[in-house]
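These notes are about the structure you will find just below.
Residue numbers (the numbering used here): 612 to 747.
This is the structure:
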């Protein structure tokens, strides 16, 4: 469907490296300005991935499910975010209020640093790879 709506787009961006992407995952507009977004054939709404874009609210059911998972796990690992927006920070605050240990992995400061049990100032690739190897 997207290919039919956007003839030639794939040829222009064979490799994702061909589209400049900002650190917040936004694409440079000149590269995508003529891209046609597909409408849902069922309801006519915009088709999009099941993610929360900047400026959107996290659905209440998703927040509740995340809180339940966090409470059941007994800890919270936060990786690769400055927690600049409330949609992420709310989970750190919930974990802190529940007395759960919080591990923050990020290059640079985050808004949740004062709530962290452990703060790792490093990249997620190195830290998560190390943890996966140690826990396997």
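For every residue, glycine included, the Cβ atom is placed at its ideal position computed from N, Cα and C. All figures in this text were calculated on a predicted structure; none of them were measured in a lab.
Beta-carbon gap between residue i and residue j smaller than 9 Å
i           : j           : result
residue 734 : residue 691 : yes
residue 730 : residue 724 : yes
residue 664 : residue 617 : no
residue 653 : residue 695 : no
residue 720 : residue 703 : no
Start and end residues, beta strand (DSSP E) containing residue i
i           : result
residue 715 : 713–716
residue 688 : 687–690
Residue i, enclosing alpha helix (DSSP H) - first and last residue
i           : result
residue 644 : Where residue 644 is concerned, there is no enclosing alpha helix (DSSP H), given that its DSSP letter is neither H nor E.
residue 681 : 671–684
Per DSSP, the bridge partner or partners of residue i
i           : result
residue 657 : 650
residue 730 : 715
Among the options, nearest to residue i - alpha-carbon criterion
i           : options               : result
residue 688 : 742, 617 and 613      : 742
residue 699 : 709, 715, 685 and 710 : 715
residue 728 : 674, 662, 686 and 648 : 686
residue 693 : 651, 745 and 732      : 732
Euclidean distance between Cα positions of residue i and residue j
i           : j           : result
residue 619 : residue 739 : 38 Å
residue 612 : residue 657 : 13 Å
residue 683 : residue 677 : 10 Å
residue 615 : residue 661 : 22 Å
residue 666 : residue 697 : 10 Å
Contact test: residue i Cβ vs the ligand PLP heavy atom, cutoff 8 Å
i           : result
residue 735 : As for the ligand PLP, it is missing from this structure, which has no ligand bound.
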